[in-house]
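*Asks:* Convert by adding 725 to the 1-based position in the sequence shown; the result is the number in the numbering used here.
Glycine residues also receive a C-beta, built at the ideal position from the N, C-alpha and C atoms.
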Amino acid sequence: MTDDLQVPSEAVGALRISVVIPALDEEQSLPLVLADLPWDSLTEVVVADNGSSDGTAAVAQRGGARVAHAARRGYGSACLAGLAALAPTDVIVFLDADYSDHPDELPQVVAPILEGRADLVIGSRALGLREPGSMMPQQVFGNWLATRMVRLIHGVRFTDLGPFRAVTSAALERIDMRDANFGWTVEMQVRAIQEGLRIVEVPVAYRRRIGVSKIAGTLKGTVSAGVKIIWTIVRLSLSRRGRQA
Ligand SMILES: Nc1nc2c(ncn2[C@@H]2O[C@H](COP(=O)(O)OP(=O)(O)OP(=O)(O)O)[C@@H](O)[C@H]2O)c(=O)[nH]1
Ligand SMILES: [Mg+2]
Numbered sequence: 726m727t728d729d730l731q732v733p734s735e736a737v738g739a740l741r742i743s744v745v746i747p748a749l750d751e752e753q754s755l756p757l758v759l760a761d762l763p764w765d766s767l768t769e770v771v772v773a774d775n776g777s778s779d780g781t782a783a784v785a786q787r788g789g790a791r792v793a794h795a796a797r798r799g800y801g802s803a804c805l806a807g808l809a810a811l812a813p814t815d816v817i818v819f820l821d822a823d824y825s826d827h828p829d830e831l832p833q834v835v836a837p838i839l840e841g842r843a844d845l846v847i848g849s850r851a852l853g854l855r856e857p858g859s860m861m862p863q864q865v866f867g868n869w870l871a872t873r874m875v876r877l878i879h880g881v882r883f884t885d886l887g888p889f890r891a892v893t894s895a896a897l898e899r900i901d902m903r904d905a906n907f908g909w910t911v912e913m914q915v916r917a918i919q920e921g922l923r924i925v926e927v928p929v930a931y932r933r934r935i936g937v938s939k940i941a942g943t944l945k946g947t948v949s950a951g952v953k954i955i956w957t958i959v960r961l962s963l964s965r966r967g968r969q970a
């Protein structure tokens with residue numbers, strides 16, 4: 726572990742925490758997500774709007790968030806645009822805009838970082854309470870398969886590739902995120918392994934989304950997400966980005 730990643734003990738409690746919420750046509754759910762965030766402990770909330778055709782940007786602003794516009798479609802592309810728009814910060818939290826995650830669990834998700842024992846925290850829906858119907862069977866299977874492959878190929882045991890997660894800015898710089906769509910979550914986890922970062926999983930609850938399902942509820946979304954995730958796990962094992970020029 727290199728020193729630049731350690732959170733100095735005197736800084737714990739004074740860390741700036743910022744939130745990035747990727748959103749595509751989520752005007753119904755986004756106000757609920759924003760209302761449940763623990764604003765007192767946050768520096769900034771950025772909603773990365775991926776060219777929504779509904780009132781997502783307007784409800785984001787009304788709910789106290791800043792809006793970043795992502796020119797390119799894709800989950801990862803939205804997250805990258807959100808990151809680029811952030812003011813300097815120490816910890817970045819990602820969560821979805823469809824109200825599947827429980828924003829009031831943010832303190833549990835950042836706790837291992839604030840306690841100085843993690844660089845990346847994954848909110849695991851497999852360890853937490855899942856509302857029936859909140860994850861499709863193919864999503865549960867896909868997560869099982871992907872985490873199994875990560876363990877076999879990269880040697881670390883995860884239980885989920887969930888969207889609700891926290892990472893330090895220093896760690897994220899080392900991770901060097903690039904994926905523009907469905908490979909985003911697994912890319913972050915595998916790259917964190919490759920960089921020797923401290924990764925912790927915490928249980929998070931998950932409920933049925935509000936609004937129209939875009940990935941997990943559609944055949945096309947499920948297949949393309951699955952293929953992209955598996956390809957990302959294999960591709961990253963072939964080229965260790967850390968060794969690249
Ligand atoms: N699908 C999709 N989601 C995006 C995009 N840009 C931002 N998002 C947001 O990314 C988050 C995750 O997408 P979801 O559609 O909830 O994906 P999922 O949870 O796998 O599946 P469903 O909830 O069943 O649709 C949501 O907050 C979306 O609004 C994009 O280009 N495509
Ligand atoms: Mg969702």
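Going by DSSP, which residues form a beta bridge with G848?
*Replies:* V927
*Asks:* Considering only the beta carbon of each residue, do L845 and L922 sit closer than 8 Å?
*Replies:* In this structure, the beta-carbon distance from L845 to L922 falls below 8 Å.
*Asks:* Taking 7 Å as the cut-off, does the CB of I940 come closer than this to any heavy atom belonging to ligand 1?
*Replies:* yes
*Asks:* Compare the beta carbon distance of A812 and A793 with 8 Å and say whether it is the shorter of the two.
*Replies:* No.
*Asks:* Quick check on E840: buried or exposed, where buried means 16 or more other Cβ atoms within 10 Å of its Cβ?
*Replies:* By the C-beta density criterion, E840 is exposed, having fewer than 16 other C-beta atoms within 10 angstroms.
*Asks:* Report yes or no: do three or more beta-carbon pairs, one from the region 883–896 and one from the region 814–821, lie closer than 8 Å?
*Replies:* Contact annotation: the region 883–896 touches the region 814–821, with at least three C-beta pairs closer than 8 Å.
*Asks:* For M861 and G942, which I take to be in contact (beta-carbon distance under 8 Å), what is that distance rounded to the nearest angstrom?
*Replies:* 6 Å
*Asks:* Is the separation between the beta-carbon of A822 and that of A748 shorter than 8 Å?
*Replies:* yes
*Asks:* With distances taken between CB atoms, is the gap from L854 to A930 smaller than 8 Å?
*Replies:* Yes, these two residues count as a Cβ contact at 8 Å.
*Asks:* Which first and last residues belong to the beta strand (DSSP E) in which F819 is found?
*Replies:* V816 to F819
*Asks:* Grouping DSSP H, G and I as helix and E and B as strand, with all else coil, what is E752?
*Replies:* Assigned with DSSP and collapsed to three states, E752 falls in coil, not helix or strand.
*Asks:* Taking only three categories from DSSP, how would you classify M726?
*Replies:* Confidence at M726 is low in this model, with a pLDDT of 41, below 50, so its placement is unreliable and the value that follows should be read with caution. M726: coil per DSSP, three-state reduction.
*Asks:* Applying the criterion that 16 or more other CB atoms from any shown protein chain within 10 Å of the CB defines a buried residue, is G858 buried or exposed?
*Replies:* exposed
*Asks:* Q753 to A782, Cα distance in whole Å?
*Replies:* 12 Å
*Asks:* With DSSP collapsed to three states, give me the class of D774.
*Replies:* strand
*Asks:* How would you write the range of the beta strand (DSSP E) that V892 sits in, first residue to last?
*Replies:* That run of the beta strand (DSSP E) goes R890 to T893.
*Asks:* So, do the region 878–885 and the region 793–804 have three or more beta carbon pairs nearer to each other than 8 Å?
*Replies:* no
*Asks:* State the Cα-Cα distance for the pair R960 and K945, rounded to the nearest angstrom.
*Replies:* 22 Å
*Asks:* Measure the C-alpha to C-alpha separation of D901 and R916 and round it to an integer number of angstroms.
*Replies:* Rounded to the nearest angstrom, the two C-alpha atoms are 8 Å apart.
*Asks:* From A970 to D779, what distance separates their C-alpha atoms?
*Replies:* Summary for A970: the model assigns pLDDT 34, below 50, so the residue's position carries little reliability, and this model does not support an answer.
*Asks:* Indicate, with yes or no, if ligand 1 has a heavy atom lying under 7 Å from the CB of E751.
*Replies:* At least one heavy atom of ligand 1 lies closer than 7 Å to the C-beta of E751.
*Asks:* For a test of the three-state rule: what should DSSP assign to P763, helix, strand or coil?
*Replies:* coil
*Asks:* Inspect the beta-carbon positions of F907 and S949 and report whether they are closer than 8 Å.
*Replies:* yes
*Asks:* Along the chain, where does the beta strand (DSSP E) containing R787 start, and where does it finish?
*Replies:* Taken as a continuous stretch (DSSP letters only), R787 belongs to no beta strand (DSSP E), being part of the alpha helix (DSSP H) at T781 to R787.
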